[in-house]
Every structure is written in C-alpha cells, then in structure tokens.
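Reading through the structure tokens given below for one structure.
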Amino acid sequence: MSLLSTMRASASALTAERARMDIVANNVANINTTRTDTGGPYKRLQVVFSPDRPQTFMARFAAFFGRAEMPRGVQVNRIKEDTAPPKFVYDPTHPDADASGFVQYPNVDIVQEMTDMMGATRAYEANVTVMNAAKSMAMRALDIRA
Amino acid sequence: MAITPIYSNPPMPGAISPLPAPGAMGPGATGPAAPTAPLAPTSDSKLVGGTPSPASTDFPNMLKNMLGQLNDLAQQADGLAAKAAGGEDVDLHQLMVSMDTASLGFDLGVQVRNRLLEAYQEITKMSV
Chain A
0 MSLLSTMRAS ASALTAERAR MDIVANNVAN INTTRTDTGG PYKRLQVVFS PDRPQTFMAR
60 FAAFFGRAEM PRGVQVNRIK EDTAPPKFVY DPTHPDADAS GFVQYPNVDI VQEMTDMMGA
120 TRAYEANVTV MNAAKSMAMR ALDIRA
Chain B
0 MAITPIYSNP PMPGAISPLP APGAMGPGAT GPAAPTAPLA PTSDSKLVGG TPSPASTDFP
60 NMLKNMLGQL NDLAQQADGL AAKAAGGEDV DLHQLMVSMD TASLGFDLGV QVRNRLLEAY
120 QEITKMSV
C-alpha cells in the first residue's frame, strides 16, 4: 500500500526535523559554554541529512542498473561540529580567560540558530501538510462508491 | 561511503498487502505452502480449472491475513499510546502517525466488510 510509504517518508522527515530542532536547542543552550570535556569552548553542532534509501544488496543491485527502488524518506546522516573559530571576548576576570585576558566563547550565532529554528519548524509543518494530504487522498479512495 | 543513521525511525507497521507476505501471517493462518515442483493436477485444481495455487492465497486466508495485519497496526498504536501516557520518550508524531495508520486501516477493513456483505446479500436475494 503506497499510502504507507508516503506516511513513512513524511514521518522520517518529521523525525529528522525534530533532530534538527534538538540540535538548535542544544546550540542555543550552550551559547555561553566556555568549558567542555575536550577543552576549549562549546562548538556549534550541525545536522547533515541524507536520503534514506534501502541499503540491501538487492537495492544496490537495482540501482546499479538504473532501476532504483522507492526511496524511504530522509535520515540524519551525522551530526558535525562547526569548525569556525570561537569568538574572543576580553574579560580578564572570567575563570576561563587566557593569559592575555581573552575568553573563548562558542562559535554559535544566535541569529543563525533562530533562522535554523524557523526553518525546522516550517519544514515540520510542510511535512505534516504532505501527510494530511496523503491521508485525505486515502479517505477519498475509501469514499469510492461507498 | 557508509551511511550510519543516527536518529533512526522506528519501523513502521508493514504495508497492508493483498497478498500474504511470508512469515507475516495472521493468527490461526497456516504458513504458506513451500514452493514445490509442479505437481500433477489434483482434483481441486480440476474443479476450478486453473493451475494449482498455494493454499495461502485463497480468499479466507487472505482475509484472515489482512485482519491480522490490521490488528497489528492497532496494537502498535496502542502500545505507543501507552508508552507516551507512561511518560516514556515517544516521538509525538510517531504516535500520531501510527494512530492514523491504524484508523485508516480500520476504515479500509470496514469498507471491505461492507462490500462482502453487499455481495452476500446480493446472492441471498437471488431467485433460483
């Protein structure tokens, strides 16, 4: 039943956007974190999405001959640290200040995080809309000659 | 490149396929007959005049199988709802999707039953 595959694709996107939202929340929560286990300030995290394709041997075999199976939505491929340099703020009284009085603050930009958050919210909404449309299509099908 | 999903989706309930999937039989259904070498036509197949088909593809089994799958969908939704109510970490959308899928599957089952009943009544009204 292809309705379920639509639902599955949209549901995977919902999960992925939730993950993105989690990461944004984590970034904003750590916006002033100057100390981590690995030393240095917190580094901004980014999610990387990739299409969720069937990973079976037969799927690869079919894809090799240009007969790809139906994709199954999206997945969070990995969560990556942003390598941008930290922000240096002069604050000699801070416990994490270096010898010259500078404190390294995370490379989190609040404006960018807010944009990401809105993006995740809107994408979530869009996928809910797709799912509702798929469901109303199925309901219409059940109305046939009812 | 190896793709390692980090946030993986929980497996969705299986599709309601009209053909019984091997190993996904409903309760009480017998397993699908193993594919055997072409047999000599039995009296059964002579009756319908077709080729012998596996026992699991006949209509009652198909129906039983479908009902079993619908039951699985409903139970999955139930389980998720119970988990969510119990304060476990359940994705809200997964809960909603599985409830929706179960309700859609139920609607489909009701429609199938309506058609069956219609056909039955049509036959009972037939004058011999």
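So the sequences go chain by chain: A and B.
Heads up, the first sequence is in numbering that gives the first Met the number 0, so the first residue is 0 and it goes up one at a time.
Heads up, the second sequence is in numbering that gives the first Met the number 0, so the first residue is 0 and it goes up one at a time.
Using N, Cα and C, we set each Cβ at its ideal position, and we do this for glycine too.
Here the structure is a predicted model, which is why all the values come from computation and not from measurement.
Within 7 Å of the CB of T100(B), the CB atoms of chain A belong to L3, M6, in sequence order along the chain.
L44(A) has E80(A) as its beta-bridge partners, per DSSP.
Between the beta-carbon of A15(A) and that of V73(A) there is about 5 Å, and that keeps the pair under the 8 Å contact cut. Every candidate beta strand (DSSP E) stretch fails here, since none sits fully inside the stretch 84-109 of chain B while reaching 3 residues.
Taking the C-beta atoms as reference points, T33(A) is found nearer than 8 Å to Y104(A).
Within chain B, the residues D99, L103 have their CB atoms less than 7 Å from the CB of K134(A), given in chain order.
Annotation: the continuous beta strand (DSSP E) that includes K86(A) extends over 86-89.
R71(A) and S99(A) have their C-alpha atoms spaced approximately 53 Å apart.
Beta-bridge annotation (DSSP): P50(A) is paired with V73(A).
Excluding sequence positions up to five before and after A80(B), its CB lies within less than 8 Å of the CB of L94, M98, all in the same chain and listed in chain order. Beta-bridge analysis with DSSP links F101(A) to Y89(A). By the criterion of a C-beta distance shorter than 6 Å, L69(B) is surrounded in its chain by G104, G108, once the five residues flanking it on both sides are discounted. The beta carbon of M20(A) sits closer than 6 Å to the beta carbons of A119 from its chain, once the five residues preceding and following it are set aside; these are given in chain order. Sorting Q54(A), A18(A), N31(A) by C-alpha distance to the C-alpha of F48(A) places A18(A) at the top. In this structure L44(A) does not touch N31(A) by the C-beta definition: roughly 16 Å separates them, more than the 8 Å allowed.
Leaving aside the five residues that flank M116(A) on each side, the residues in its chain whose CB is nearer than 6 Å to its CB run, in chain order, V23. One Cα belongs to V127(A), the other to I143(A), and the distance between them is close to 25 Å. In its chain, beyond the 5 residues on either side, L2, T5, M6, S9 have a beta carbon closer than 8 Å to the beta carbon of A133(A).
Counted as a single uninterrupted DSSP element, the alpha helix (DSSP H) harbouring N126(A) occupies residues 109-141. Legend: CB atoms of the stretch 10-42 of chain A lying less than 8 Å from CB atoms of chain B belong to residues A10, S11, L13, T14, A15, R17, A18. Under the three-state reduction of DSSP, R59(A) is assigned to helix. Excluding five sequence positions before and after A83(A), the CB atoms of its chain that fall closer than 6 Å to its own CB belong to N106, given in chain order.
Here the alpha carbons of A101(B) and A76(B) stand approximately 7 Å from one another.
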